[in-house]
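Residues 23 to 609 (my numbering) are what the first sequence spells out, left to right.
Glycine is no exception: its CB is placed at the ideal position from the N, C-alpha and C atoms.
Take a look at the structure below.
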Amino acid sequence: MLLAGGPQAVEELRRAGVRRGAPVALAVDAAAGVGMAAAGRRLAVPAADADPASVVDEVERVLRPRWVWWDAGTAVRLVAAGVRVATCWDLAAVDRLLHGGWRVDPAVVWARAQGLPLDAAPTGPPDLWSVAADLDEDGGGDGAADGPVRRDGHLKATWVDGGWAAAPDRLAAWAAAALAAAERQQERLRQLDRPVAAAVARSESTAELLCAELAADGLPVDRAEAERIIAAVVGPRARSEAEAAAQRARRDAEVLRHVPGLEVDLRSPGQVRSLLRRVGIEVADTRAWRLEALRDRHPVVEALLAWRKAERVATTYGYGWLDRHLGADGRLRGEWTASDGAAGRMTATAGLHNLPAELRGAVVAEPGHVFVRADLGQIEPRVLAAVSGDRALAAACATDDLYAPVARSLGVDRETAKVAMLGAMYGQTTGRGAQVLRRLEAAYPVAMAYLAAGDEAGRMGRDVRTYGGRLVRLGAGDERRLDEREARRRAAARGRYGRNALVQGAAAELFKMWAVTVRARAAPLGARIVLCLHDELLVHAPADQGDEVARVVAACLDEAAGRWAPGTDVRFVVDVQVVRRWSDVRG
DNA sequence: TGCGGCTATTG
DNA sequence: CACAATAGCCGCAG
């Protein structure tokens, strides 16, 4: 059905019974317009009749549905057009949750949702062959023949490759296919037999939306302050390549003057090792923690460690980094991925996730604003208590510092208890932690068995599923021609990976549920999340709303934990502070 | 030119 | 120096 604009679309959707939170599939193309599908109807608004962004915005404001789309590309397009919607169902994100790993295109998402054999799905851009085949299907005569789906059930290569954007009615048909795929995904989530999986699928979807916003909004950074910090370490900005080379040489000389007559490239670990050998220091490698203990042996060690710090700033977090990532509007922007790596953590580029502590002084709220900074306390052991159902560990979570009761249970000091608990979650098998591990097994048998099961699965190359339903692939890979020792070493590494993925992955699920809850509840106060850091949120808020946002952020943790682990008696804790700059956070 | 190793930063 | 990540430079193979 062709419509003229947003109000008419709202009317049609309302007549179809669409209410707040109901699925409305969406396909947007700036040139062609908007296609929607919901409750058995297909609607299209040509771009010639109404601005696509305004149509989506109108429907959002009046109906606030759960938007269903193929992948985060739609989220990125909406955010770029200035449209912020509340919630979505991201087929690609849910596909990664259900099936693990890699980023995939609609052809694969569709095939997996429908349970079709993947080897028959179209791959890559269409070639002469698949174009002819799709045309042949279109001419087949039956009513739906010119839709996006082939007779064998797979999507047509020409549609996957962008054919959906050719005309308004195609946008609507593409949206209808997305809606059908979403329904099949929900069925698959139900089959997982994990009541929380559907809620996780929703928050993982909305986390994709949050990532699109984080990438667009950026992190407020005071350029002058950043340049002051950098200048204090590496000096003023070089005006030419020659000047930069001279600065480098000057830094190098500060180290080399301690070893006269030696020609050494300090950037080469091998040469640094020979340098140290020349002054009587023999080391297996030259990492800082190892050199730290040798500071007194020779003055060159101290100089080298200082050189390394400056070199880090000069190469990775120097003026070049500012120029590449800090916009004229004082926002530091990187790319965000909502579920990456081993277990579905968020990742970010541009140094957003590994900014050296010194530079946090340059992260300053804009005039009239504050940061509400919140971090989850001891999130991994608490998550372990929740997902494993260990009653004793859950009881320890009642205190703000869970390592205190754990230490009492084990009969060791707090530091030892902490190292042992972390060691259990990471798979440490040597040192002091390993000895205390046996006491941990006695005190918290359910939690430790949960970890051991992850370890076993990893060693066997068996995939695991996190508490929230994310499949973590642990396939053994190609290990022919490995000697016994190397094969054992790799199996042990996979064991640690599998053990940790269950905890880290579950923590990432809870974190994202918290983050999207904060996103929703803080928006009416004019506040926006500007940084997500695994267990920490930085929210940029109007100064007069700081305390209220802080209250909301804390309340959101209870709300998210209640949704993620209903009925659990595990207590989650959060530390919330209102600050003007990130470095003002007290430890 | 691509990739593994080394190193540093963060949670 | 366990688990995860990004990022830069060096040295070596192709």
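Item                                                                                                                                                             : Value
Please report the distance separating the alpha-carbon of V256 from that of P74.                                                                                 : 49 Å
Since I believe A66 is in contact with L24 (beta carbons under 8 Å), could you give me their beta-carbon distance rounded to a whole number of angstroms?        : 6 Å
So what does DSSP say about S361, is it helix, strand or coil?                                                                                                   : strand
Provide the residue(s) that pair with F393 in DSSP beta bridges, ordered along the chain.                                                                        : H562, V601
For the beta strand (DSSP E) that contains P217, what are its first and last residues?                                                                           : That residue, P217, is in no beta strand (DSSP E); it is neither H nor E in DSSP.
Among the residues of its own chain, which have a CB less than 7 Å from the CB of H347, if the five just before and after it don't count?                        : L354, R355, G356, A372
Buried or exposed: which applies to P403, given that a residue is buried once 16 or more other Cβ atoms fall within 10 Å of its Cβ?                              : buried
On the premise that A70 lies in contact with A38, defined as a C-beta separation below 8 Å, what is that separation, rounded to the nearest angstrom?            : In fact, because the Cβ distance is near 24 Å, the residues do not count as touching under 8 Å.
Output needed for A94: all residues of its chain with C-beta closer than 8 Å, excluding positions within five of it in sequence on either side, in chain order.  : D112, A114, A115, E230, L231, C233, A234, A360
Strictly by DSSP, which residues pair up with L354?                                                                                                              : L241, L348
Output needed for V434: all residues of its chain with C-beta closer than 7 Å, excluding positions within five of it in sequence on either side, in chain order. : V458
Tell me whether P148 is buried or exposed, calling it buried when 16 or more other Cβ atoms sit within 10 Å of its Cβ.                                           : buried
Under 7 Å between the Cβ atoms of L496 and G520?                                                                                                                 : yes
Would a C-beta distance cut-off of 7 Å place Y448 and N522 closer than the cut-off?                                                                              : yes
Report all residues from its chain with a CB closer than 6 Å to the CB of C554; omit the five preceding and five following residues, and keep chain order.       : M368, A537
In this structure, how does DSSP classify A194 when only helix, strand and coil are distinguished?                                                               : helix
In three-state terms, what does DSSP make of W10?                                                                                                                : Beyond the ends of the chain as shown, which are 23 and 609, falls residue 10; an answer cannot be given.
Would DSSP call C419 helix, strand or coil?                                                                                                                      : coil
Quick check on this structure: which residue in E33, P546, R602 has the alpha carbon closest to the alpha carbon of H391?                                        : R602
Determine the contact status of A197 and L48, defining contact as a CB-CB distance below 7 Å.                                                                    : yes
I think V281 touches R300, with their Cβ atoms under 8 Å apart; what is that distance to the nearest whole Å?                                                    : 7 Å
So, for D485: in the same chain, excluding its five sequence neighbours on each side, which residues have a beta-carbon less than 8 Å away from its beta-carbon? : G122, A479, L493, V494, R495, L496, G497
My assumption, with CB atoms under 8 Å, is that G55 sits in contact with P170. Please give the rounded CB distance.                                              : About 17 Å separates the two Cβ atoms, so there is no contact after all.
Do you know whose CA, among H562, E558, A583, V598, lies nearest R573's CA?                                                                                      : V598
Once you ignore the five residues that flank L374 on each side, which residues in its own chain have a CB closer than 6 Å to its CB?                             : G356
Measuring CA to CA, which of R382, R63, A26 is closest to L35?                                                                                                   : R63
For W358, which residues of its own chain have a beta-carbon under 7 Å away from its beta-carbon, when the five flanking residues on both sides are left out?    : C233, L236, A237, M368, A370
Check A54 in the structure and name its three-state DSSP category.                                                                                               : coil
On the three-state DSSP scale, how would you describe V607?                                                                                                      : coil
Can you tell me whether P546 is helix, strand or coil according to DSSP?                                                                                         : helix
What are the boundary residues of the beta strand (DSSP E) that includes L473?                                                                                   : Note, L473: premise wrong, no beta strand (DSSP E); alpha helix (DSSP H) at 467-482.
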